[in-house]
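Under full-length UniProt numbering, the first residue of the sequence shown is numbered 1, with each subsequent residue one higher.
Ideal Cβ placement from N, Cα and C applies to all residues, glycine included.
What follows is a single structure, written as structure tokens, with notes after it.
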Amino acid sequence: KPLGCWSVKHGQILTCPVVCNFETHEYIAVHDDKVLRIWKNEDINLDKAFKATLSADVYRIHSLPHGGPVVLFRGGGVRTLDVLLEAPQQEIENVISGEVIRWSGAFMDGQQPVLIFTTEKDGDFFVYVQKSKLSSLHKYKLEQQESAKPLCFTAHITNQTVTLLCLYSNDSVYQVLIPLHQDTEEEEEEEILSKSLLLNLSVSGTVLKGTSLVVLDKDHVAVLGSLAAPGKEPRECLTIWNTKFQTLQTSKELPLGTSGQLWCYEEKFFLIHGKVLTVIMYKCETSSLAAAVGKLKDSQTPDVSSFVNWNTLEDEELVVSFQSQESVALKAESKMNLRSRRSNVAKVQPETLSVGQLLLNLKDASTYVLETELRQLMTKAPTPDLQATIGCVVTALTDRCKRNPKYYPQNFLLQIVETRDLSYSLCPDLMAVALEKKDMHLLQICLERFPDIPEEITYACLKTFLSISEAHLQSIDVDVDSVICYIDVEFDSKEVKTEIVENGFGAEMDQDMRDAKIPKESRSRSGGECCPVGLQKAALLNAILHSAYTETFLLPHLKNLPAPQAILFLRYLYYLYVKCSEKVNTTLPGTRSPTINQIMDWMCLLLDAHFTVMVMLPEAKELLSNLHKFVRAQVRFYSELNKIEGSLRELQRLNHLRESQTYSIEVLEII
1 KPLGCWSVKH GQILTCPVVC NFETHEYIAV HDDKVLRIWK NEDINLDKAF
51 KATLSADVYR IHSLPHGGPV VLFRGGGVRT LDVLLEAPQQ EIENVISGEV
101 IRWSGAFMDG QQPVLIFTTE KDGDFFVYVQ KSKLSSLHKY KLEQQESAKP
151 LCFTAHITNQ TVTLLCLYSN DSVYQVLIPL HQDTEEEEEE EILSKSLLLN
201 LSVSGTVLKG TSLVVLDKDH VAVLGSLAAP GKEPRECLTI WNTKFQTLQT
251 SKELPLGTSG QLWCYEEKFF LIHGKVLTVI MYKCETSSLA AAVGKLKDSQ
301 TPDVSSFVNW NTLEDEELVV SFQSQESVAL KAESKMNLRS RRSNVAKVQP
351 ETLSVGQLLL NLKDASTYVL ETELRQLMTK APTPDLQATI GCVVTALTDR
401 CKRNPKYYPQ NFLLQIVETR DLSYSLCPDL MAVALEKKDM HLLQICLERF
451 PDIPEEITYA CLKTFLSISE AHLQSIDVDV DSVICYIDVE FDSKEVKTEI
501 VENGFGAEMD QDMRDAKIPK ESRSRSGGEC CPVGLQKAAL LNAILHSAYT
551 ETFLLPHLKN LPAPQAILFL RYLYYLYVKC SEKVNTTLPG TRSPTINQIM
601 DWMCLLLDAH FTVMVMLPEA KELLSNLHKF VRAQVRFYSE LNKIEGSLRE
651 LQRLNHLRES QTYSIEVLEI I
């Protein structure tokens, strides 16, 4: 879920990836090659962020958890961000001559940062290693490979040795070892680095045309590319290889296509799949021959299917397990092999099944058996994989709901969401199924608990809540704790008021008398006194106000909200705004009640999305007029408070100076 969005001006171009400074929690970007921008998460306008124009073009900025950001220039010069900000226009030396940087990476060797980058010139490739507080530079030449050239690089540092992995165009991965601790004196002639073949990306006639390579641990690498089988169309997929035993560990087809880029961070893959950023969790087990060839029998050690949580990728199967009894490779017909192995899976004892195998086995089980087994699975789930396992359980239930329209385990789903720490990304189909079934209670709980709901789903929930009838809502179960302490509603022409009074008084008596003389219909239309929606609908709308969103991504959806629903929602927001303003601390009573900031933010969003329409609609004229008058009165009130702020501070200062032992009467004149 996108949590922030910043844009440069029209005509400006971001020329290197944005990074985060781990020490200051700031973002660092470069646009138009030389303009450095630094801002924090709360900053809205990028144009107003810190700006520094540098003297040379930037290639990349690398951020290290304990070493601070490091800036690599296109000429090969390197500076730490702190040194660069002291004098942004300082001269940057050109280390490379006629060479073009192809890849760079930053690592920590103990407490010292190490920067590695590769360059190309006339078909030759060079490796630069900069260390010792970025003052020591070593240059190497990469051994040439006949009829093949490097496509991408990755590296890691182990035991003071840089291991550089190179993915070549001949569908092979080569390894280059570079010792870090050498004589500091630079040699006159550059050293030629020899490479050794690490991995052939081909199994049983199927060749992987790799585009991106990342290191997982000392024995495993992940390669993103296209599987090219003889006589078949190439298919993009993500593969994981065991370099120790030269085996393909697991694989997953990506039918929606990718950008060709793969990132890895904290045991998670990041890749663009179709139009979305997909995050896939993985876990590297200790490499063994039994695990590599799929012959592992120890039930205490996870099998190959638990190596990666493929559930992030939606497919026709619940979980794709690539463990095979007869082959170490994953073939193109893996789905067909899965179906043929279902009968074998059913014969395995439940305690020896992986999560994926168990869910696959239960796909056609009866409702009672399915729910019983899933409840047992949640109680037996190991702690590290508990969240992913519960996500698999919810996915299994929602998949059955989609296959069988008559099946909907409402109570079971509610129990899981209320008692487990879930997120939208772990069960992306849950809210879609709840919307289809019009399960208002489940949607309310999800909106209150899920931190990563897409703006499209938030809008769909809002539209559903506003469109559903009050009569239908009164017949269903909705949590009204967020509204019961302050809402004023009318039912059957009888006014029901629940109001927290302060200091023994509610509204003024004469105001009550005047309000009583106003017809109920006009009072309801004006939205000033009674809530324009019922108790249940107000509780559902409060759940919307609590959901996290990014304005840039929500606004396009909000513009599609029908005008009558937009006016109704604005009337409710105006009602909440007036209620908040009645209290000294502008806080509504109750559990999970919306805050004044949430109310104001949504009012601004709604007006931004529908202002032109509302100005032209006669039924919105009185509402906008009342809102304008109320806000104007608020502005005047706070303006008057600002005028006496100095006097109040002086009074507070005098109170501190006055001795508490003496008694006196003072007259202060406020001018």
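Item, Value
"Beta bridge counterpart(s) of M108 as assigned by DSSP", "P113"
"Limits of the alpha helix (DSSP H) - the one that E146 falls within", "Where E146 is concerned, there is no enclosing alpha helix (DSSP H), given that its DSSP letter is neither H nor E."
"Cβ contact check for the region 154 to 166 and the region 93 to 108: 3 or more pairs under 8 angstroms", "yes"
"For E143 and E93, the rounded distance between their alpha carbons", "27 angstroms"
"4 or more residues per run - each alpha helix (DSSP H) lying fully within the region 397 to 431", "410 to 419"
"Proximal residues to G11 (C-beta, below 8 angstroms), its chain only, five neighbours per side dropped", "none"
"Among V214, V70, P230, the one whose alpha carbon lies nearest that of V223", "V214"
"Distance between beta carbons of V176 and L137, contact taken as under 8 angstroms", "Not quite, the Cβ-Cβ distance comes to about 18 angstroms (not below 8 angstroms), so this is no contact."
"Buried versus exposed, by CB contacts within 10 Å (16 or more), Q249", "buried"
"Cβ distance (whole Å) where I61 is taken to contact F50 below 8 angstroms", "I61 to F50, Cβ: 14 angstroms. No contact."
"According to DSSP, residues forming a beta bridge with L447", "Answer is none; L447 lacks a bridge partner."
"Through-space distance from H557 to V613, alpha-carbon basis", "15 angstroms"
"Supposed close pair N41, G68 - CB separation, criterion 8 angstroms", "Incorrect: roughly 19 angstroms between the Cβ atoms, too far for contact."
"Coarse secondary structure for A538, derived from DSSP in three states", "helix"
"Beta-carbon proximity list for I567, same chain, < 6 angstroms, skipping 5 on both sides", "A620"
"DSSP-derived helix/strand/coil call for I44", "coil"
"Per DSSP, the bridge partner or partners of S136", "K131"
"Inter-stretch contact at 8 angstroms, needing at least 3 Cβ pairs: the region 161 to 181 / the region 189 to 200", "yes"
"Cβ separation of S212 and Q261, assumed to be a contact under 8 angstroms, to the nearest whole Å", "5 angstroms"
"Between the CA atoms of V417 and Q387 - distance to the nearest angstrom", "12 angstroms"
"Residues that K643 bridges to, as DSSP identifies them", "Paired residue(s): none; K643 is not in a bridge."
"Backbone secondary structure at E236 - three-state DSSP", "strand"
"C-alpha distance - F22 paired with H66, whole-angstrom precision", "8 angstroms"
"Simplified DSSP assignment, three categories, for T367", "helix"
"Simplified DSSP assignment, three categories, for Q387", "helix"
"Cβ-Cβ distance between K268 and V279 below 8 angstroms", "yes"
"Among Q130, K537, E551, nearest to K139 - alpha-carbon criterion", "Q130"
"Environment of A471 [buried if 16+ CB atoms lie within 10 Å]", "exposed"
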